[in-house]
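In this note's numbering, the protein residues as written are 120 to 562. Structure, as structure tokens:
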Amino acid sequence: MADFNDFMNQFIARNPGEREFHQAVKEFVESVWDVYESNPRYKQAKILERLTEPERIIIFRVPWIDDRGEVQINRGYRVEFNSALGPYKGGLRFHPSVTLSVLKFLGFEQTFKNSLTTLPMGGGKGGADFSPKGKSDNEIMRFCQSFMTELARHIGPNTDVPAGDIGVGGREIGYLFGQYKRMKNEFSGVLTGKGIMWGGSVIRPEATGFGAVYFTRHMLREMNKDIEGLRFAISGFGNVAWGAISKINELGGKVITISGPDGYVYDENGVSDNKIDYLLELRLSNNDVVEPYAREFGAQFFPGKRPWVQPVDVAIPCACENELNEADARMLIDNGCLLVAEASNMGCTAEAAELLNRNIVYAPGKAVNAGGVAVSGLEMTQNSMRLSWTRNEVDERLHQIMGNIHDTCKRYGVRNGKIDYVMGANIGGFVKVAEAVMAQGVV
Ligand code: 2IT
120 MADFNDFMNQ FIARNPGERE FHQAVKEFVE SVWDVYESNP RYKQAKILER LTEPERIIIF
180 RVPWIDDRGE VQINRGYRVE FNSALGPYKG GLRFHPSVTL SVLKFLGFEQ TFKNSLTTLP
240 MGGGKGGADF SPKGKSDNEI MRFCQSFMTE LARHIGPNTD VPAGDIGVGG REIGYLFGQY
300 KRMKNEFSGV LTGKGIMWGG SVIRPEATGF GAVYFTRHML REMNKDIEGL RFAISGFGNV
360 AWGAISKINE LGGKVITISG PDGYVYDENG VSDNKIDYLL ELRLSNNDVV EPYAREFGAQ
420 FFPGKRPWVQ PVDVAIPCAC ENELNEADAR MLIDNGCLLV AEASNMGCTA EAAELLNRNI
480 VYAPGKAVNA GGVAVSGLEM TQNSMRLSWT RNEVDERLHQ IMGNIHDTCK RYGVRNGKID
540 YVMGANIGGF VKVAEAVMAQ GVV
């Protein structure tokens, strides 16, 4: 392990202060280290050094004028991490917590997640430290237009294809796409998550949540269980939570929590029926709070708290990185939780992930939430063919892809008779990217 420590020390010295990026790389390199060590070709080609250095990073000023006429400045980014398997592909995040470290960790994870989907996509991520909270529609439109005015130089349907992430949904993709089209005089598949009337794919909005539940079902089947009758804790109330909650209800499970930056809601009757659609209204209100749900439907609200204290069978974090810590993990384990499937990217802290992986069953974001980018890949295919598939066709492919990812985790992850999903996902994602990088020479 001396070599591993040397590698990490050098990596940290090259990327000082980037905590999230360090965390993602450490977890990954730990998993693949044995494969790397036992493969002298990889060492000689400095594969890990190359995979942890983004191919290109673009940082730019995003000036815009708010509704009061005041000039505002935000910082925009695109991290083009790795293009060994295809054009850079990954979402844009608009949130005040966006930093270079966050986007580097997300772009790094995206590379291996995209590899796991089996579709031809490289990895990238971008966004801005812009807060949609409290902004009017017009302000959001002006921000998106200014952001795209710079980003347009760097992306393209065969170069880099962004999509949504936290703070970027169908509305924002529409404004970004409109500006790109206007600048380039070109209607192309340069973004995914487009409206279904104008080049988007059916099921893209639901795909991350649906895929996470399909993956969870595979995990449960390994334990001879199924979703029906189980209780779920979900965090977040955005796009991913909404998709997961819809599918869990359809499959007979019960979701008893949702959460926001303001706290969590406990709904003992289950988040179901019209309550699910209400989540979309909450998101479009640009207020970033879940408390109104509790008032609207007579549920309990716990300000400033997280949902992991509630006894459940399955927990699916759907909010943001490091939203579940060691104490939360301990509580879930003590309350008899069977498994944690991470729908957010790096939803668990390193300590929590380690504890869960050792004591119960835990699967990381890059496997569980890959359904979103997978359907983005299917949107790219449909755009290239200039046709649209039906709901059944897209859903069937999504099922297949999530099943394949589960098989890959099993192929590379079985340790002591148990599937280690962290090992499986990291090694499975790594091998393909590493081979592609090797084949393409020192570039
Ligand atoms: O984290 C993710 O995989 C996404 N935000 C989706 C990326 C995409 O290109 O659809």
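For each residue, glycine too, the CB sits at the ideal point set by N, CA and C. Values in this document were obtained by computation on a predicted structure and should not be read as measured data.
| Asked | Found |
| --- | --- |
| Check whether Y155 and L170 have beta carbons under 8 Å apart | no |
| Under the three-state DSSP convention, the category E217 falls into | Position check: residue 217 holds Val in this sequence, whereas Glu was assumed. If DSSP states are grouped into helix, strand and coil, V217 belongs with coil. |
| Cβ-heavy atom distance, T509 to the ligand 2IT, below 7 Å | no |
| Segments of 4+ residues assigned as alpha helix (DSSP H) that fall wholly inside the region 181 to 233 | none |
| Given G466 as reference, the closest of A434, P430, G312 and T509 once Cα atoms are compared | A434 |
| Beta strand (DSSP E) runs wholly inside the region 355 to 427, at least 3 long, in chain order | 373 to 379, 382 to 385 and 419 to 422 |
| K223 CB to nearest heavy atom of the ligand 2IT below 7 Å | no |
| Cutoff 6 Å; reference D432; Cβ partners in own chain excluding five residues on either side | L349, R350 and L457 |
| Three CB pairs or more closer than 8 Å across the region 254 to 274 and the region 504 to 516 | no |
| Burial state of Q129 (16 or more Cβ within 10 Å) | exposed |
| Beta-carbon proximity of S354 to R402, cut-off 8 Å | no |
| Cβ-based burial, V409 [other Cβ within 10 Å; buried from 16] | buried |
| Closest Cα partner of K373 within the set R505, G382, V384 and N388 | N388 |
| Segment limits, beta strand (DSSP E) that includes G242 | G242 to A247 |
| Rounded C-alpha distance that separates E554 from P411 | 50 Å |
| Heavy atom of the ligand NAP within 7 Å of K313 beta-carbon | Although the ligand NAP was asked about, the structure shown includes only the ligand 2IT as ligands. |
| Beta-carbon proximity check, G210 vs K244, cutoff 8 Å | yes |
| Residue burial classification, W183 (beta-carbon count within 10 angstroms, cutoff 16) | buried |
| E442 and P436 closer than 8 Å at C-beta | yes |
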